[in-house]
Amino acid sequence: MQAPSADHKIRFRLPGGPEQRDRDARMASGGTGWSFEAVAWIYRCDASVVEPGLAGN
99 MQAPSADHKI RFRLPGGPEQ RDRDARMASG GTGWSFEAVA WIYRCDASVV
149 EPGLAGN
């Protein structure tokens with residue numbers, strides 16, 4: 099999680115312009131490892147829910 103986050107710090111903070119529009123088009127197409135679909139699991143995670151077998155018991 100941490101290594102890709104360093105790349106995302108730059109990728110997701112592009113100023114408006116050609117690079118930003120190209121990034122948005124690639125993300126929308128789902129053709130990257132950092133498209134909306136590829137990273138959606140991060141945002142769907144509910145930290146208040148403990149899955150069976152992961153509680154350490």
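Counting from 1 along the sequence shown, just add 98 to a position and that's the residue number in the working numbering.
Using N, Cα and C, we set each Cβ at its ideal position, and we do this for glycine too.
For clarity, every value in this text was computed on a predicted model and none was experimentally measured.
Asked: According to the Cβ coordinates, are R119 and R109 closer than 8 Å?; Found: no
Asked: Rounding to the nearest angstrom, what Cα-Cα distance links G131 and R124 in this structure?; Found: 10 Å
Asked: Mind checking which residues open and close the alpha helix (DSSP H) that includes F134?; Found: F134 to R142
Asked: Grab the span of the alpha helix (DSSP H) containing R124 for me, first residue to last.; Found: P116 to S127
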